[in-house]
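A.B. asks:
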Amino acid sequence: EEVLKLDKVQFTATKSEREEKETPASTATITKEELKFERGFNLSESLGEVSGVNAETKNGGYDVRLIIRGGGLNAPYGIRQINVLLDGVPITDPDGMTRLDFVNPQLIDQIEIVKGPNSTLYAANAIGGVVNFITKPVWTVQGLKLKAGFGNYNTQLYNLLHGNNYKGKLFYYVDITRRSTDSWREWNEFKSTQASFKIGYLFDNKSSIETYFNYSKADLQLPNSLTKQQFDTDPSKQYKENVWINSRRYSEIYFFNTKYQNQLTDSFTIKPIFYIQKWSHYHPVTGFINDGGAKVFGTDFITELKHSLFGINSTLISGFQIQHDKYDADKYTYG
699 EEVLKLDKVQ FTATKSEREE KETPASTATI TKEELKFERG FNLSESLGEV
749 SGVNAETKNG GYDVRLIIRG GGLNAPYGIR QINVLLDGVP ITDPDGMTRL
799 DFVNPQLIDQ IEIVKGPNST LYAANAIGGV VNFITKPVWT VQGLKLKAGF
849 GNYNTQLYNL LHGNNYKGKL FYYVDITRRS TDSWREWNEF KSTQASFKIG
899 YLFDNKSSIE TYFNYSKADL QLPNSLTKQQ FDTDPSKQYK ENVWINSRRY
949 SEIYFFNTKY QNQLTDSFTI KPIFYIQKWS HYHPVTGFIN DGGAKVFGTD
999 FITELKHSLF GINSTLISGF QIQHDKYDAD KYTYG
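For the sequence shown, the positions run 699 to 1033 when this note's numbering is used.
#1: Measuring alpha carbon to alpha carbon, tell me which of T1013, T755, F800 ends up nearest L1003.
#2: Are the beta-carbon atoms belonging to G746 and N740 less than 8 Å from one another?
#3: Looking only at its chain, what residues have a beta carbon closer than 6 Å to the beta carbon of N960, apart from the 5 residues adjacent to it on each side?
#4: Going straight from the alpha carbon of Y1030 to that of Q892, what length do you get?
#5: Would you call Y851 buried or exposed, if buried means 16 or more other Cβ atoms sit within 10 Å of its Cβ?
#6: Hey, I728 and Q808 are a contact pair by Cβ (cut 8 Å); roughly how many whole angstroms apart?
#7: Taking the C-alpha atoms as reference points, what is the distance between T997 and R883?
#8: Near D873, which residues of its chain fall below 6 Å by C-beta distance, leaving aside the five closest residues on each side in sequence?
#9: Kindly indicate which three-state DSSP category P788 falls into: helix, strand or coil?
#10: Going by DSSP, what residue range makes up the beta strand (DSSP E) through E754?
#11: Considering only their Cβ atoms, is the gap separating Y899 from K867 smaller than 8 Å?
#12: Count the C-beta pairs between the stretch 949-958 and the stretch 760-780 that are closer than 8 Å, then say yes if the count reaches three, no if not.
#13: Starting from the Cα of D785, find the closest Cα among K734, N802, G776 and give me that residue.
#14: For D1026, which of helix, strand or coil comes out of DSSP?
#15: Within 10 angstroms of its Cβ, does A916 collect 16 or more other Cβ (buried), or is it exposed?
#16: In the DSSP assignment, find the alpha helix (DSSP H) that holds E743 and state where it starts and stops.
#17: Do N955 and F972 come within 8 Å of each other at the CB atom, strictly closer than that value?
#18: Are the beta-carbon atoms belonging to P788 and D1023 less than 8 Å from one another?
#19: Alpha carbon to alpha carbon, what distance is there between G776 and L920?
#20: The beta strand (DSSP E) that contains K915, what's its start and end?
#21: Could you give the residue range of the alpha helix (DSSP H) that holds E887?
#22: Grab me the residues of K976's own chain with a C-beta within less than 6 Å of its C-beta, minus the 5 sequence neighbours each way, in chain order.
#23: Helix, strand or coil: how does DSSP classify A824 here?
#24: So, with DSSP's three-state summary, where would you put W837?
#25: Can you give me the Cβ contacts of Y910 inside the same chain, cut-off strictly under 6 Å, excluding the 5 residues immediately before and after it?
#26: Please identify the residue among A773, G738, R737, E736 whose C-alpha is closest to the C-alpha of Y754.
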């Protein structure tokens, strides 16, 4: 029996579905078949296995510092110089900072990575590359799935996923995920509660609409950079080397997006997206406390025209993106 290996399909590099070998950029795609072998507890597990991508963490994978071919290397923490998307929606702030608190590893169906500068399609924050986390399509989730996992340091994972459809037209799924873990050192507890709802409808005219809502609450305690070997040698170092031992980040995030796709003719398709984000965080660090949040509204309108150019089958991608960010932040120093 002959087994055929299909080429991976990539959307992020060109904003149009193409086989990886046809994309004009260096790309990598982590498929759902590859992701199913991961624990799905944090994102660093999958990202760190890609060539040219380094996912560093000091706190068990929950505060990933992402580096793509040197891009993001200058950032002391977090993700900078890399544009991160969730279902094609930008979740990177205008100043280049990205939080992954509300990306649920249990719902990720595919991860697409574009290595190197991509400012033409994704603006200045993509000088290091682009990472697009794609959640499970609403059309593919049917039935009830329950998952529970346990590990060292009181690690716990609970996941409920239920999907159904009505007459093959209206589809939906609901997901609830709870993750928590402690550590071998003091002040390194992580816990996250996430609830997601996705609904989609297939119209008779080759068009579809898909809407996604996610709520996330994540609490992360931030210890110093003490390694396990250093801790085993002298556990007291975790107190000696901490300028401010109670650094942490407590965040709450609401995320909404709706996508519409309509193939108006055999050669012309429109793909508008509208999205809203609202996040807040309480973030004490060394020397001061960040207490703020933001409201983000945006739209991304993409058109795809298939045509012939000098006898060669071609595709013209065009569109525009508009985003409005409103920040409200306070900063306090310790008395």
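Glycine residues also receive a C-beta, built at the ideal position from the N, C-alpha and C atoms.
C.D. replies: Taking the geometry as given:
#1: For the purposes of this step, residue 1003 is taken as residue 305 along the sequence shown, with counting starting at 1. Nearest Cα to L1003 within the set T1013, T755, F800: T1013.
#2: If you number the sequence shown from 1, residue 746 lands on position 48. If you number the sequence shown from 1, residue 740 lands on position 42. Inclusion of G746 and N740 in the CB contact set at 8 Å is not warranted, their separation being larger than that value.
#3: As a first step, residue 960 must be located in the sequence shown, where it is residue number 262. Excluding five sequence positions before and after N960, the CB atoms of its chain that fall closer than 6 Å to its own CB belong to S905, I968, given in chain order.
#4: Taking the sequence shown and counting its residues from 1, the one referred to as residue 1030 is at position 332. Taking the sequence shown and counting its residues from 1, the one referred to as residue 892 is at position 194. When rounded, the separation of the alpha-carbon atoms in Y1030 and Q892 is 29 Å.
#5: Residue numbering aside, residue 851 sits at position 153 when the sequence shown is read from its first letter. With fewer than 16 Cβ atoms within 10 Å of its Cβ, Y851 is classed as exposed.
#6: The count along the sequence shown starts at 1 and reaches residue 728 at position 30. The count along the sequence shown starts at 1 and reaches residue 808 at position 110. The beta-carbon distance between I728 and Q808, rounded to whole angstroms, is 7 Å. This is short enough to meet the 8 Å contact definition.
#7: On the sequence shown, residue 997 is found 299 positions in, with the first residue counted as 1. On the sequence shown, residue 883 is found 185 positions in, with the first residue counted as 1. Their Cα atoms are separated by approximately 44 Å.
#8: Within the sequence shown, numbered from 1, the residue matching residue 873 stands at position 175. Within the same chain, L805, L859, S894 come within 6 Å of D873 by CB-CB distance, once the 5 residues on both sides are set aside.
#9: Here residue 788 is taken as the residue at index 90 of the sequence shown, counted from 1. P788 carries a strand assignment under DSSP once its states are collapsed to helix, strand and coil.
#10: Position 56 of the sequence shown holds residue 754. E754: member of the beta strand (DSSP E) spanning 751-754, first to last residue.
#11: To locate residue 867, count along the sequence shown from 1; it is residue 169. To locate residue 899, count along the sequence shown from 1; it is residue 201. It is a contact, given that the beta carbons lie within the stated cut-off.
#12: No, because fewer than three Cβ pairs between the stretch 949-958 and the stretch 760-780 fall closer than 8 Å, the two stretches do not touch.
#13: What you label residue 785 is simply residue 87 of the sequence shown in a count that begins at 1. Comparing Cα positions, the closest option is N802.
#14: Counted from its first residue, the sequence shown places residue 1026 at position 328. Strand.
#15: Here residue 916 refers to the residue found at position 218 when the sequence shown is read from its first residue. A916 should be labelled buried.
#16: Along the sequence shown, read from residue 1 onward, the residue named residue 743 stands at position 45. DSSP places E743 inside the alpha helix (DSSP H), whose first and last residues are 742-745.
#17: The residue labelled residue 972 in the question sits at position 274 within the sequence shown. The residue labelled residue 955 in the question sits at position 257 within the sequence shown. The answer is yes: Cβ separation under 8 Å.
#18: Locating residue 788 in the sequence shown gives position 90, where the first residue counts as 1. Locating residue 1023 in the sequence shown gives position 325, where the first residue counts as 1. 8 Å or more divides the Cβ of P788 from the Cβ of D1023.
#19: Locating residue 920 in the sequence shown gives position 222, where the first residue counts as 1. Locating residue 776 in the sequence shown gives position 78, where the first residue counts as 1. So the alpha carbons of these two residues sit roughly 12 Å apart.
#20: For the purposes of this step, residue 915 is taken as the residue at position 217 of the sequence shown. For K915, the enclosing beta strand (DSSP E) starts and ends at 905-919.
#21: Walking along the sequence shown from the start, residue 887 turns up at place 189. From DSSP, E887 is part of no alpha helix (DSSP H); its letter is neither H nor E.
#22: Indexing the sequence shown from 1 puts residue 976 at position 278. Here the set comprises Y952, K993.
#23: On the sequence shown, residue 824 is found 126 positions in, with the first residue counted as 1. Note: A824 maps to helix in three-state DSSP.
#24: For the purposes of this step, residue 837 is taken as residue 139 along the sequence shown, with counting starting at 1. Looking at W837 - three-state DSSP - the assignment turns out to be helix.
#25: Reading the sequence shown from its first residue, position 212 is the one you call residue 910. Contacts found: K896, N955.
#26: On the sequence shown, position 56 is the one that residue 754 refers to. Before going on, a small fix: residue 754 reads as Glu here, not Tyr. Cα-wise, what sits closest to E754 is A773.
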